[in-house]
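Heads up: the structure comes next, in structure tokens.
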Amino acid sequence: MNEVLSVIHPRVTGEMNQALAEPFTVDEVKKAVFGMYPLKSPGPDGMPPLFFQKFRHVIGNDVISYALRILNNQVLLHKMNHTHIVLIPKCSNPETVAQLRPISLCNTIVKIESKCIANRLRSLLDSLVSHTQSAFIPGHLITDNVLLAFQLNHHLKVSNRLREGSVVLKLDMSKAYDRVEWSSLRGVLLRLGFQHRFVNLIMLLVTTVSYSIMLDGEPFGYIQPERGIRQGDPLSPYLFIFCAEALSCLIQDAERQSQIVGIAVTVQAPRVSHLLFANDTLVFCKAKVGQLEEIRRILEWYGRASRQVVNFGKSCMVVSGRVHEGMKQLLAGVLDVGLVGSHEKYLGLPAMGGRSRGELFRGLRDRIWERVQGWSSKLLSQAGRGVLIKAVIQSLPTYVMSCFQLSGIC
13 MNEVLSVIHP RVTGEMNQAL AEPFTVDEVK KAVFGMYPLK SPGPDGMPPL
63 FFQKFRHVIG NDVISYALRI LNNQVLLHKM NHTHIVLIPK CSNPETVAQL
113 RPISLCNTIV KIESKCIANR LRSLLDSLVS HTQSAFIPGH LITDNVLLAF
163 QLNHHLKVSN RLREGSVVLK LDMSKAYDRV EWSSLRGVLL RLGFQHRFVN
213 LIMLLVTTVS YSIMLDGEPF GYIQPERGIR QGDPLSPYLF IFCAEALSCL
263 IQDAERQSQI VGIAVTVQAP RVSHLLFAND TLVFCKAKVG QLEEIRRILE
313 WYGRASRQVV NFGKSCMVVS GRVHEGMKQL LAGVLDVGLV GSHEKYLGLP
363 AMGGRSRGEL FRGLRDRIWE RVQGWSSKLL SQAGRGVLIK AVIQSLPTYV
413 MSCFQLSGIC
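Counting in our numbering, the sequence shown runs from 13 upward without gaps.
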């Protein structure tokens, strides 16, 4: 743990801590309540945010008083932090637990406190998190990472004539939210420079949680966790990227010591050693055994400190340049990952271009055609079809079109 924390430098300034230490106000609680989607899934209390928004004239004062008691006095009834877990299938016919995604349904009153803390942190994230992290940070877009990764992969593809090869390593973190070690989270927050009182407030919401699993609409069992953060809590995404900052700092430290050398698309361009979007990780380095061994050591240190586990079975590696096949296999064997010709997708979009744009975006066409085929049996009027096309079909290519020009692929 110490070797990981030692590479994290304090970033929270005195002014930031002073702003975070200010007592929470009525206006902040109101902003949190009305900042939540009205019909967000309710927790054990059965009350969605709409209830608190609609009947604020009846229960508003009590809700505000209880929320401020937790936020300013750090007094929380543990029963209020009880959470239901709903298992959402990742595929059409799940057969194992690994094919189910656990989503936490928290009591809305607890979400209000988490939302208040998240609102205070949001404006500071850009100063606290490395520029290689693009998830959940105001002013950063998911497309930033997509375009940068696409450009780097394209550079490697067209530079195969180079004698010295490069490696693009795509890492898959297994159950990333569920494995967050609480002591590691506290250590990272304190190392970044947050005051103890503010860290204690965050850890109060994290460590007092308990779970029941929803089976056939009924809660089953009682689980008292010892690690993990909830998917569905407004604060969890920010806490996770603070934990992931430890991995980013380890890679940056190795880069400063020239143990890892990133990729630059031109001589004067900055080198890129890694890209993070929450738990989606790309690592770039030279095709040298020593550099991959350093990456393996970094992942081992990070795993011991945070309890994060890399699923090497789902992780993969691309090796470019004039590197013979035997050397490629040797490089892949250092981390025991699969060797592929190219990463097909990154964050849901193509990671590398090809000769046929139609082939590259065939998946988008198939998704649109699948939706249209499902409507053919509904005997919709022309007006009804028009409404569905505008509401559903036109939204499908929006994400793709934010990065790529789709004209002429159909």
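Positions of the beta carbon are idealized from the N, C-alpha and C atoms, including for glycine.
Values in this document were obtained by computation on a predicted structure and should not be read as measured data.
Please classify K182 as buried or exposed, where buried requires at least 16 neighbouring CB atoms within 10 angstroms.
Here residue 182 is taken as the residue at index 170 of the sequence shown, counted from 1. Buried, by the Cβ-count rule.
Original post:
For the stretch 183-195 against the stretch 308-328, are there 3 or more C-beta pairs whose distance is under 8 Å?
Top reply: yes
Q) From E382 to L392, what does the alpha carbon distance come to, in whole angstroms? A) Here residue 382 corresponds to residue number 370 of the sequence shown, with the count starting at 1. Here residue 392 corresponds to residue number 380 of the sequence shown, with the count starting at 1. Spanning the two alpha carbons is a distance of roughly 16 Å.
(message) For G350, list the residues DSSP reports as bridge partners.
(response) One-based indexing of the sequence shown puts residue 350 at position 338. Residue pairing for G350: DSSP places it in a beta bridge opposite C328.
For L153, which of helix, strand or coil comes out of DSSP? By one-based count along the sequence shown, residue 153 stands at place 141. Coil at L153, not helix or strand.
Thinking A317 and S196 are a contact (beta carbons under 8 Å), I'd like their distance in whole angstroms, please. If you number the sequence shown from 1, residue 317 lands on position 305. If you number the sequence shown from 1, residue 196 lands on position 184. Between S196 and A317 the Cβ distance is about 5 Å, and since that is below 8 Å, they are a contact.
Checklist entry - Which value, in whole angstroms, describes the spacing of the CA atoms of A299 and V331? => result In the sequence shown, counting from the first residue as 1, residue 299 sits at position 287. In the sequence shown, counting from the first residue as 1, residue 331 sits at position 319. In this model, A299 and V331 are separated by some 7 Å (Cα to Cα).
- Item | C-alpha gap between D265 and Y234, whole angstroms | Mapped onto the sequence shown, residue 265 falls at position 253. Mapped onto the sequence shown, residue 234 falls at position 222. As the crow flies, the alpha-carbon of D265 is around 42 Å from that of Y234.
Going by the DSSP bridge assignment, what does H286 pair with across the sheet?
Position 274 of the sequence shown, counting from 1, holds the residue named residue 286. Note: H286 sits in a beta bridge opposite V295.
Original post:
In or out: K123 buried (at least 16 other Cβ within 10 Å) or exposed?
Top reply: Working through the sequence shown from its first residue, we reach residue 123 at position 111. So K123 counts as buried.
For M329, which residues from the same chain have a beta carbon less than 8 Å from its beta carbon, with the 5 sequence-adjacent residues on both sides left out?
To locate residue 329, count along the sequence shown from 1; it is residue 317. For M329, where only same-chain residues beyond five positions count, the Cβ hits under 8 Å are V179, V180, L181, K182, L343, A344, L347, V349, G350, L351, V352.
* Asked: How big is the Cα-Cα spacing for L137 and V404?
  -> For the purposes of this step, residue 137 is identified with residue 125 of the sequence shown, where counting begins at 1. For the purposes of this step, residue 404 is identified with residue 392 of the sequence shown, where counting begins at 1. The straight-line gap from Cα to Cα measures roughly 33 Å.
I need the boundaries of the beta strand (DSSP E) containing M28, first residue and last residue. Working through the sequence shown from its first residue, we reach residue 28 at position 16. Where M28 is concerned, there is no enclosing beta strand (DSSP E), although the alpha helix (DSSP H) it sits in stretches over 26-33.
Note down the Cα distance separating V284 from I307, rounded to an integer number of angstroms. As a first step, residue 284 is located in the sequence shown; it is residue number 272 there, counting from the start. As a first step, residue 307 is located in the sequence shown; it is residue number 295 there, counting from the start. The alpha-carbon atoms of V284 and I307 are separated by roughly 15 Å.
Kindly confirm or deny that the stretch 215-233 and the stretch 29-39 touch, where touching means at least three C-beta pairs closer than 8 Å.
no
- Note the first and the last residue of the continuous alpha helix (DSSP H) segment covering E306. Mapped onto the sequence shown, residue 306 falls at position 294. Note, E306: alpha helix (DSSP H), 301-318.
Within the continuous beta strand (DSSP E) that includes G233, where are the two ends?
Here residue 233 is taken as the residue at index 221 of the sequence shown, counted from 1. From DSSP, the beta strand (DSSP E) with G233 extends over 230-235.
- Task: Would you list the one or two residues that DSSP bridges to D424?
- Result: Past the boundaries of the shown model lies residue 424; the chain is included only from 13 to 422, so the question cannot be answered.
Quick test of the definition: if touching needs 3 or more C-beta pairs under 8 Å, does the stretch 66-75 touch the stretch 104-115? no
**Item:** L99 - partner residues in DSSP beta bridges
**Value:** One-based indexing of the sequence shown puts residue 99 at position 87. According to DSSP, residue pairing for L99 in a beta bridge involves P114.
Original post:
Below 9 Å between beta carbons: does that hold for S135 and E257?
Top reply: As a working mapping, residue 135 is identified with position 123 in the sequence shown. As a working mapping, residue 257 is identified with position 245 in the sequence shown. Cβ atoms of S135 and E257: not closer than 9 Å.
* To do: For chain D, find out if any of its Cβ atoms is closer than 9 Å to the Cβ of L213; answer yes or no.
  => You won't find chain D in this structure, because it holds only one protein chain.
Inset, instruction - Out of T410, V384, P409, Y411, state which residue places its alpha-carbon closest to the alpha-carbon of G398. - result: Translated into positions along the sequence shown, residue 398 becomes position 386. Considering only alpha carbons, the answer is V384.
Taking the C-alpha atoms as reference points, what is the distance between I121 and M92? In the sequence shown, residue 121 corresponds to position 109, counting from 1. In the sequence shown, residue 92 corresponds to position 80, counting from 1. Using only the alpha carbons, I get a separation of about 8 Å.
- Query: So, are the CB atoms of N85 and S354 less than 9 Å apart?
  - Reply: By 1-based counting over the sequence shown, the position of residue 85 is 73. By 1-based counting over the sequence shown, the position of residue 354 is 342. Not a contact, by the Cβ cut-off of 9 Å.
Q) Is G55 near H94, with beta carbons less than 9 Å apart? A) As a first step, residue 55 must be located in the sequence shown, where it is residue number 43. As a first step, residue 94 must be located in the sequence shown, where it is residue number 82. Against a cut-off of 9 Å, the Cβ pair of H94 and G55 comes out as a contact.
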